Every structure is written in C-alpha cells, then in structure tokens.
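Chains as they are written, first to last, in the numbering used here: chain A, 30 to 335; chain B, 30 to 335.
Here a beta-carbon is modelled for each residue, glycine too, at the ideal position from N, C-alpha and C.
Note that the structure is a prediction, hence the values are computed from the model and not measured.
Structure first, then comments.
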C-alpha cells in the first residue's frame with residue numbers, strides 16, 4: 030500500500046518584488062514529494078534530463094522517495110520555467126517555458142508501484158495524468174488531481190476526461206470559475222462535482238482554501254505571514270500535505286480531509302518563507318506541530334459565548 | 030449602561046451586475062442599528078433631512094433604537110450616495126455623493142446617552158467621531174471605530190488624532206495597507222496598533238476578517254454564498270454584530286471578541302443577500318443561531334486527527 034505522486038521535476042528561475050533566484054530546483058512533483066515525505070513514503074513518477082543534479086535525486090531517496098518511476102533522459106534537458114511575481118504575490122507573468130523532456134513525456138508505472146492506494150496527480154498534461162490512472166491495475170482508494178487554467182485553454186477535452194476519473198479535484202479560485210463558468214465558488218464547486226469528482230478543493234492563496242463535498246463546506250485560512258518571500262510551489266506543497274496526511278492515516282472521511290487541508294495550509298506557509306524548496310528541506314516534526322497549533326489558535330472560537 | 034452608535038443615515042442608489050435599486054434607505058449608522066438591535070438596545074447619533082421617511086424612524090424606534098441623538102433638519106436633504114459594483118462585488122465606483130445634511134453635521138450627545146459603555150463610531154468624518162468621544166463625560170469601556178480610505182486622503186491629521194483615541198480600529202485590507210504603508214497585513218496591523226488602538230480588525234470582504242491584539246491573531250471566514258446580491262452595508266453590519274455582541278455580554282476579552290467577529294460575519298452574510306437593509310429586517314434569533322452553526326461547521330476541525 031503506498032502513495033504514488035506524478036508531477037514535474039524542473040528548474041525554475043523566479044523573480045519577486047523582494048528578490049531574484051538563480052536557476053533552482055522546482056516542479057510540482059518535487060514540491061509534493063518534499064512535503065508528503067514528511068508523513069509517508071512516496072513513489073515518484075516524473076522525467077528529468079541529464080542536467081538534473083544527482084545530489085537532488087539522492088536527497089529525495091534519503092527521504093524515502095522512490096525514484097524507480099522517474100525517467101532520466103541523459104541527452105535531453107530538464108523542464109525549465111521562469112516567472113515574475115507581481116506586488117500582490119498572487120499573480121505572476123511567465124517569462125519563459127522550455128518543455129524539454131516534458132514535451133514527449135510518456136509515464137511508465139513500475140510494477141512495484143502497483144500497490145498504489147493513494148494517487149496524487151500533480152499539475153501536468155491531463156493525458157499524462159490519465160495515462161497513469163489507466164496503467165494501475167487496481168483503482169487507488171483515492172485519486173487527487175491538481176490542474177491549471179493552461180490546460181483549460183489548450184486541452185479541454187483531455188482535461189474533462191481526466192477530471193471524470195478522479196475523486197478530488199484541486200484548483201485555484203480563478204480556475205474554478207473558468208472551468209465552471211460560474212463566479213460564485215459555491216456554485217462553481219457544485220458544477221465541478223457534476224463532472225465527476227466527489228470532492229473539490231478551491232485554493233485561494235493568501236485567502237485560504239475551501240473543501241466541498243455534497244452540501245458540506247469546510248474553510249481553512251492561510252496563516253497571516255509577515256513576509257511571503259516566494260509563492261512558487263505553495264499549491265503543490267499544499268497538495269503534498271493533504272495527500273501525505275490521508276495516505277499516512279489511511280482515512281478518507283470528510284472529517285479527516287479537513288485536517289489534511291489544515292496540514293496542507295501549514296506546510297504551504299513554510300514553503301513561501303524562502304525561495305524554492307529551501308524552507309521545506311529545513312523543517313522537522315516539531316516545526317510542523319507548532320505551526321498546526323498556530324492554525325488552531327487562528328480559527329478556534331467558543332460558540333457557547335454567543 | 031448602553032451602546033451608542035454614531036453613523037450616517039442616508040439614501041442609497043445601487044447598481045450591481047445583477048440589478049439596480051431605487052433610492053433606498055442606507056447609511057453606516059442605519060446598518061449598524063438594524064444589526065446591533067438584534068442583541069441590545071441602541072442609542073443612535075446621526076442627522077437626516079426632512080425627506081427622511083418617518084416610517085423608517087418609527088421602525089428603528091420599534092426595535093429599541095433611541096433616536097434622541099438623531100437630528101432632523103426639516104428644510105434640508107438627507108445624505109445621498111450612489112455606486113456601481115464591479116463583477117467581483119468587492120470593488121465599486123462611486124457615481125454620486127451629495128453630502129447635504131452631513132456637510133455641517135455637528136453631533137450633540139444627549140444627557141441620556143452619558144451612560145454610554147460601548148461606543149461604535151461608524152464611518153464618518155474623523156472630526157465628528159472625535160467630537161462624540163469628547164462630549165462623553167466618562168470614557169466608555171470600549172470605543173470601536175470604522176473608517177475608510179477617503180479620510181486618509183482628505184483628513185489624515187484628524188483621522189490620526191481620532192484613531193489615537195479608540196480601542197478597536199476596523200478597516201478593510203486595502204485601507205490597512207494604505208494607513209500603515211505596509212503590504213503585509215500582519216505588519217500593517219502591528220503598525221496601526223502603535224497609533225493607539227489595542228485591537229485592529231481587518232475586513233477582507235468575501236475573504237473574511239482578521240482580529241489582531243498584541244501578538245494574537247484570529248481569523249473568521251466569510252460564509253461562501255451562492256449569490257452576493259448587494260455588498261452595500263456588509264462592513265457596517267459586521268460592525269453592528271461585533272459591537273452588539275460585546276455590549277450585550279459586557280465582556281471585552283479577546284476570546285469574546287472572537288465570537289463577536291464570527292457573529293459580525295454571520296450578520297454580514299445575511300446583509301448581502303438582498304438590496305440594502307431588506308434582509309436584515311426579516312431575520313430573527315433562530316435564523317442567526319442557524320447561521321452561527323454554519324460558521325462552526327465551516328471552520329471546525331479536529332486537531333487530534335493529526
């Protein structure tokens with residue numbers, strides 16, 4: 030029984046109003062693995078070029094992230110993304126995208142991954158995501174999918190097909206509006222649930238996240254921070270915390286998903302404190318526990334006082 | 030011992046993407062009074078013209094809102110505001126402002142208001158707000174002040190002076206940033222607390238509200254709604270719920286303020302469901318209790334599951 034993560038492993042170059050990074054390690058799959066491996070072993074599916082540092086792969090292996098499903102294409106280059114964040118840190122411009130090895134990525138699920146019970150589909154081509162689902166002989170207990178507006182514009186049919194195959198869809202607020210054609214997030218979530226997923230998570234960046242299931246709604250705030258240094262990977266880290274918690278506890282009840290959402294928010298609040306995955310590499314269980322307690326303080330109130 | 034509310038009573042004309050109102054009853058003081066009178070008697074300070082309907086005044090009197098401090102200027106006209114909301118319902122353009130009776134408003138605190146224990150200063154000229162404070166012979170137990178960006182642009186000195194006299198300052202996120210010169214809301218609140226108030230409440234519209242006190246932070250979400258019909262007065266209604274709860278319970282602890290914030294959010298969620306004060310006039314205690322329970326469901330999670 031295991032958690033399988035599908036997602037890009039990449040180089041990023043990031044500019045924010047507060048600074049500029051060199052070419053650093055990024056990619057949705059990378060963030061998810063760094064985060065989820067705090068809670069449970071991870072079996073990774075991805076592709077990198079010959080230029081991807083072996084030390085980075087070794088660091089993941091040391092955290093109990095299996096790389097058997099990570100293809101290394103010696104003569105090709107790793108996916109590269111470069112972007113610049115605006116002052117609000119919620120919006121950004123893409124400066125450069127070089128697909129490289131991602132252009133023809135054909136994921137292969139190793140036999141040792143066939144025990145997959147929890148499947149996290151990080152943001153990637155919808156056809157790559159669905160290919161992984163199709164290769165699994167036994168359907169996982171829970172399939173969680175992240176995606177983005179780009180696929181709504183260039184691959185809507187594939188996207189709809191993949192969405193219909195998953196249990197939990199994770200999108201941000203503007204993507205939920207675009208996908209559903211409805212401005213109200215409550216109605217947007219309801220529309221998306223009719224497309225297949227029984228659960229919808231809408232990420233609102235610094236404004237927190239919403240979990241929908243049938244008529245149930247749960248809201249988790251983002252931690253107010255003095256400094257958001259680099260939001261890159263925050264959504265992926267959130268996903269990693271959510272699926273990592275569910276995979277560790279093996280409990281997919283709505284109640285436990287709520288805790289997963291809070292844990293995802295806590296992990297994302299670390300992620301944004303430094304460039305790239307730097308902060309995620311530093312934290313330990315005590316840091317995570319302390320931050321979870323901050324979330325309890327942040328939202329806890331006594332209804333009996335009314 | 031009583032709650033005194035200072036605020037405009039007005040006519041509004043509102044356009045939203047979903048509809049357009051006639052000239053309807055509005056004003057910060059009106060919304061606060063309609064809301065707070067669910068919880069405690071209100072002593073109102075305001076000014077209206079001869080054109081303000083007597084039936085509206087009678088309706089407030091029937092709810093235990095004392096109008097002894099409301100000046101009626103028979104030969105003048107009531108304050109008028111007209112605005113148009115954008116699609117996001119968080120931003121709006123002012124189409125018309127006619128100050129009328131507000132232009133020379135000189136508030137007079139009646140003797141019967143001198144028992145004021147809780148003072149709610151609705152958004153209004155800072156000099157009018159401070160005049161009311163100065164007229165009270167005994168300082169109230171708690172002074173809460175709402176304001177807006179307009180006064181930062183035209184009356185910053187008066188605004189700073191008034192802010193230094195109050196216990197709780199209530200502003201929205203962009204106003205907190207403008208007043209503090211800091212983009213981070215955590216640092217903005219800290220800067221504002223150095224200006225005098227021991228508590229800062231930052232309203233984020235559909236994204237909820239934050240309460241700050243020293244190093245403590247509390248977050249209350251807004252209820253996700255199918256339809257936000259008209260956001261006018263939501264912030265004032267929020268203030269009315271907050272101060273109404275504190276005045277009724279006579280408890281100004283941080284813990285009880287948290288409950289006040291949730292109650293304010295619950296009341297605001299009713300306000301936006303119809304044009305103007307219409308929805309606020311319809312609700313009863315059972316409606317309010319039911320909505321408070323929705324807030325508990327919305328944010329409640331079990332940390333023991335981690």
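Under the three-state reduction of DSSP, which class applies to residue i: helix, strand or coil?
i              : result
residue 36(A)  : coil
residue 159(A) : helix
residue 207(A) : helix
residue 314(B) : helix
residue 44(B)  : strand
residue 137(A) : coil
residue 275(A) : helix
residue 184(B) : coil
residue 84(A)  : helix
residue 67(B)  : coil
residue 281(B) : coil
residue 293(A) : helix
residue 174(B) : strand
residue 122(A) : strand
residue 113(A) : strand
residue 62(A)  : helix
residue 195(A) : coil
residue 52(A)  : coil
residue 143(B) : coil
residue 93(A)  : coil
residue 201(B) : strand
Under a CB-based cut-off of 7 angstroms, is residue i close to chain A?
i              : result
residue 137(B) : no
residue 255(B) : yes
residue 72(B)  : no
residue 82(B)  : no
residue 415(B) : Since the displayed chain B opens at 30 and closes at 335, residue 415(B) lies outside it and no answer follows.
residue 299(B) : no
For residue i, is the classification buried or exposed, using 16 other Cβ atoms within 10 angstroms of its Cβ as the cut-off for buried?
i              : result
residue 97(B)  : exposed
residue 141(B) : exposed
residue 182(A) : exposed
residue 214(A) : buried
residue 324(A) : buried
residue 204(A) : buried
residue 157(B) : buried
residue 333(A) : exposed
residue 129(A) : buried
residue 47(B)  : exposed
residue 163(B) : exposed
residue 148(B) : buried
residue 123(B) : exposed
residue 294(A) : buried
residue 319(B) : exposed
With a cut-off of 7 angstroms, does the C-beta of residue i fall near any C-beta of chain B?
i              : result
residue 327(A) : yes
residue 291(A) : yes
residue 176(A) : no
residue 266(A) : no
residue 272(A) : no
residue 288(A) : yes
residue 250(A) : yes
residue 246(A) : yes
Measure how close the beta-carbons of residue i and residue j come, nearest whole angstrom, since I'm counting them as under 8 angstroms.
i              : j              : result
residue 112(A) : residue 43(A)  : 6 angstroms
residue 81(B)  : residue 277(B) : The Cβ separation is near 28 angstroms, so there is no contact.
residue 185(A) : residue 225(A) : Contact flag wrong, Cβ pair sits at about 14 angstroms.
residue 74(B)  : residue 33(B)  : 6 angstroms
residue 40(A)  : residue 90(A)  : Residue 40(A) to residue 90(A), Cβ: 20 angstroms. No contact.
residue 251(B) : residue 236(B) : 7 angstroms
residue 239(B) : residue 248(A) : With 8 angstroms as the limit, residue 239(B) and residue 248(A) do not qualify as a contact, their Cβ atoms being about 14 angstroms apart.
For residue i, is the beta carbon positioned less than 6 angstroms from some heavy atom of the ligand HEM?
i             : result
residue 70(B) : Of the ligands one can find in the structure shown there are none, so the ligand HEM has no counterpart to examine.
> Listed from N- to C-terminal order along the chain, which residues in the stretch 187-217 of chain B have their beta-carbon within a distance smaller than 8 angstroms of any beta-carbon of chain A?
Replying inline: 212, 213, 214, 215 and 216
> Got a sec: which bits of the stretch 32-61 of chain A sit with their beta carbon under 7 angstroms from any beta carbon on chain B, in order along the chain?
Replying inline: none
> Using a beta-carbon distance cut-off of less than 8 angstroms, what residues from the stretch 219-237 of chain A approach chain B?
Replying inline: 233, 236 and 237
> Relative to chain B, which residues along the stretch 309-333 of chain A have a C-beta separation below 7 angstroms, given in chain order?
Replying inline: 321, 325, 327, 328, 330, 331 and 332
> Going along the chain, which residues of the stretch 102-118 of chain A sit with their C-beta nearer than 9 angstroms to a C-beta in chain B?
Replying inline: 116, 117 and 118
>> If the cut-off is 7 angstroms on Cβ atoms, which residues from the stretch 143-164 of chain B count as contacting chain A, listed in chain order?
In response: none
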